[in-house]
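Numbering (my numbering), first residue to last: 19 to 116. Virtual Cβ for every residue (Gly too), placed ideally from N, Cα, C. Before any comments, here is the structure.
Put into structure tokens, the structure is as follows:
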């Protein structure tokens with residue numbers, strides 16, 4: 019997704035406070051995305067639910083915008099994050115368009 023599409027999508031989000039870690043500001047979300055883009059995957063920690071973390075990717079598969087994530091209890095995700103990051107990167111390389 020290019021920056022124009024991404025910014026248009028971000029502008030439609032409700033940014034409701036769900037947990038103490040929820041991002042509630044569009045500029046904060048944009049900054050987080052920019053800071054993680056070089057890794058080609060994104061981490062979320064306790065943002066949607068307390069005690070739940072994730073690693074994910076987004077891109078195009080067959081021309082369709084697609085997302086894939088691994089989600090689990092934060093304590094398990096923390097203990098295995100390196101492995102999960104690699105699984106996500108391997109899936110990106112195999113299925114997602116460049």
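Cβ atoms of residue 62 and residue 72: under 9 Å apart, would you say?
Against a cut-off of 9 Å, the Cβ pair of residue 62 and residue 72 comes out as a contact.
Measure the beta-carbon distance from residue 79 to residue 115 and round it to whole angstroms, keeping in mind my assumption that it falls under 8 Å.
Yes, they are in contact, since the Cβ atoms of residue 79 and residue 115 sit about 7 Å apart, within 8 Å.
Closer than 7 Å by C-beta to residue 89: which residues in its own chain qualify, once you throw out the five before and the five after it? Chain order, please.
The answer, listed in chain order, is 70, 72.
Can you give the beta carbon distance from residue 92 to residue 64, rounded, assuming they're within the 8 Å contact cut?
Between residue 64 and residue 92 the Cβ distance is about 6 Å, and since that is below 8 Å, they are a contact.
Find out if the Cβ-Cβ distance for the pair residue 110, residue 81 is shorter than 9 Å.
Cβ atoms of residue 110 and residue 81: not closer than 9 Å.
Pick out whichever of 74, 19, 84 has its Cα sitting closest to the Cα of residue 107.
Nearest option by C-alpha distance: 74.
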